[in-house]
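For reference, each letter of the sequence shown is one residue, going 5 to 458 in this note's numbering.
The beta carbon of each residue, even a glycine, is placed where N, CA and C say it ideally should be.
It should be emphasised that the depicted structure is a prediction, and the values quoted were computed from it without experimental measurement.
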Amino acid sequence: MRITTLQAQKAFYFLLTVIVLASLACGLSLTDLLDSIQGSDQEMERTQAALETASASIPATPTPTITPTPLGPHAFVLLGDLPALSTTRQQLSSMQIIRSSDQSVLTGTDLLHWILVNQGYEPDWTHARREQLLADLDDYEFPSPGQRILLLNVAHGLALEASGSVPWSLQDYSTMEIRNLYIEDTATHIRNPNLDRGQLPTGMPNLRTHTHPMPDEIVEDAHFFQYHLARRLIGDASSPSDAVADIVVWMQQNFFHANDSYPWDVYLDGRAPLGGGGPAAYPASLDRIYEERVTGCHEPTVMLEGMLHALNIPALRLNVHGHGVLYLPTLDRYVHGDHVAMYTAAPRGVLLLTPDEFRPFAEDVAWIFQIYFDKHEPPVASVPLMRDGDVLYIYARNLITRPDMNCVVISAEDWEWMSQQLEAYNIHFDTVNCELTSDRIPIMTLEALNTPAE
5 MRITTLQAQK
15 AFYFLLTVIV
25 LASLACGLSL
35 TDLLDSIQGS
45 DQEMERTQAA
55 LETASASIPA
65 TPTPTITPTP
75 LGPHAFVLLG
85 DLPALSTTRQ
95 QLSSMQIIRS
105 SDQSVLTGTD
115 LLHWILVNQG
125 YEPDWTHARR
135 EQLLADLDDY
145 EFPSPGQRIL
155 LLNVAHGLAL
165 EASGSVPWSL
175 QDYSTMEIRN
185 LYIEDTATHI
195 RNPNLDRGQL
205 PTGMPNLRTH
215 THPMPDEIVE
225 DAHFFQYHLA
235 RRLIGDASSP
245 SDAVADIVVW
255 MQQNFFHAND
265 SYPWDVYLDG
275 RAPLGGGGPA
285 AYPASLDRIY
295 EERVTGCHEP
305 TVMLEGMLHA
315 LNIPALRLNV
325 HGHGVLYLPT
335 LDRYVHGDHV
345 AMYTAAPRGV
355 LLLTPDEFRP
365 FAEDVAWIFQ
375 IYFDKHEPPV
385 ASVPLMRDGD
395 VLYIYARNLI
405 TRPDMNCVVI
415 SAEDWEWMSQ
425 QLEAYNIHFD
435 TVNCELTSDR
445 IPIMTLEALN
455 TPAE
């Protein structure tokens, strides 16, 4: 125990008081007593110095150093421990991957071990460290881009499971749901009968997986570079359904359908326009989508699938009548990419269509731009998200006002949920000019969105 200066002083002066009283009682002169006190002060200083030296010589109790257990080994063991991963184990072990530097042949299991154990991959890796891992993987030749995407998805998913960063678990999923989570995914993925599409008729015409000229790199990046954003968007969500709703709402409010002001041409980037009708250009990278925020139906489903897979939530993109649709097997819900881009203010959860709500669209191409709403839902759900330079904002005219102005009436109840839904934009309504306006929100790049605020 360390003796403080204050404690020593208190003890010394208590003893000195006793000595003074005793000395006076014995007839000692005051002068002799003061001389004695002066000598005692000097002795006290010497005593205190000795106490300080002795106290300092006592070694402090060391603080124990706790070394965190690496996630990698535990994550890799999960591959063999979880029965539902049987198909994934087969896919990885059957891969024949060539390392360019020495022409050696490895399986996907070998590379998974290298990523998790040797490289120590963790979900919290920064954007820069993830880029370095992809650069390192460029030394390996995969039979198909889809196998590389599968490997990265499995590595991240097992590390996420080992970390316990989300409250749901891979152990809760069936083998089929795992198949819809860890997919040999590419932009031109061909229909796979081993994947779950829900209750839609298996022979339905035009029901196939995504096939359009989006680069495979966008699909890979959507899985590997959106985790930090997705994790922040879901906050303390306690279930996959809450997480899905959180992310869909954010997508509604941050991406808009190609319009006259910002058409598909923004993605040409010096390339020639596409032929055969359709969009002038598809984006060449995921970063460009975040920079421009212009989408159709396929881009939102790619980004949604990537974010959900990064959170270990199964999802599968479909191509229905040429349109991008996302199926969520654990929820048995469908999300149409056009709806995400068009219905900025749709109430939370409304865009998650049940099989009965989605079936008319799947059976009839005329339903392409239709959406199911309860009768009480107002048309204000489709108020447009606009762009001006590097900002996004809400603007609509002649949409909500008095009947005598030949506009739509909105109730106080509807205005309340709409204001909450678009809280980030702080919407305002001018009853005189019949204008709905909002604050302007700066557009952020994907890397900026993935970087925590200091």
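- Straight across, the Cα-Cα distance linking Ile238 with Arg401 is about 33 Å.
- Under the three-state reduction of DSSP, Glu188 is assigned to coil, being neither helix nor strand.
- Just so you know, the alpha carbons of Leu426 and His343 end up roughly 16 Å apart.
- Going by beta carbons, Gly328 and Gly341 fall inside the 8 Å limit.
- Per DSSP, the continuous alpha helix (DSSP H) segment holding Arg363 begins and ends at 359-367.
- The beta carbon of Leu453 sits closer than 6 Å to those of Leu233, all from its chain and outside the five residues before and after it, given in chain order.
- Per DSSP, Val223 is one residue of the alpha helix (DSSP H) stretching across 220-228.
- Contact between Ala226 and Met307 holds: their C-beta atoms lie close to 5 Å from each other, under 8 Å.
- Note on geometry: alpha-carbon atoms of Phe80 and Phe146 lie some 21 Å from one another.
- If you check the CB distance, Arg391 and Phe260 come in under 8 Å.
- For Val253, the enclosing alpha helix (DSSP H) covers residues 244-256.
- Annotated three-state conformation of Ser108 is strand, per DSSP.
- For a cut-off of 8 Å, the C-beta gap from Leu335 to Ser245 is around 6 Å, short enough to register as a contact.
- According to the DSSP secondary-structure assignment, Phe433 is paired through a beta bridge with Leu440.
- Checking the DSSP bridge columns, you'll see Thr299 partnered with His261.
- Under the DSSP assignment, Leu233 falls outside any beta strand (DSSP E), being part of the alpha helix (DSSP H) whose first and last residues are 231-238.
- Looking at the DSSP output, Tyr144 sits in a beta bridge with Arg103.
- From the listed residues Arg363, Ala366, Tyr347, the smallest Cα separation to Ile398 is found for Tyr347.
- Annotation for Val170: no alpha helix (DSSP H) segment contains it, and DSSP assigns it neither H nor E.
- In this chain, the alpha helix (DSSP H) harbouring Leu82 covers 75-85.
- Each residue's CA atom was taken as its position, placing Ala285 and Leu272 some 5 Å apart.
- In the DSSP annotation of this structure, the continuous segment of the alpha helix (DSSP H) that includes Met180 starts and ends at 179-183.
- Under the Cβ criterion (8 Å, minimum of three pairs), the segment 138-145 does not count as touching the segment 85-93.
- Excluding residues up to 5 positions away in sequence, Asn157, Leu185, His227, Ala319 lie with their Cβ nearer than 7 Å to the Cβ of His313 in the same chain.
- Our two residues, Glu367 and Ile251, have alpha carbons roughly 28 Å apart in a direct line.
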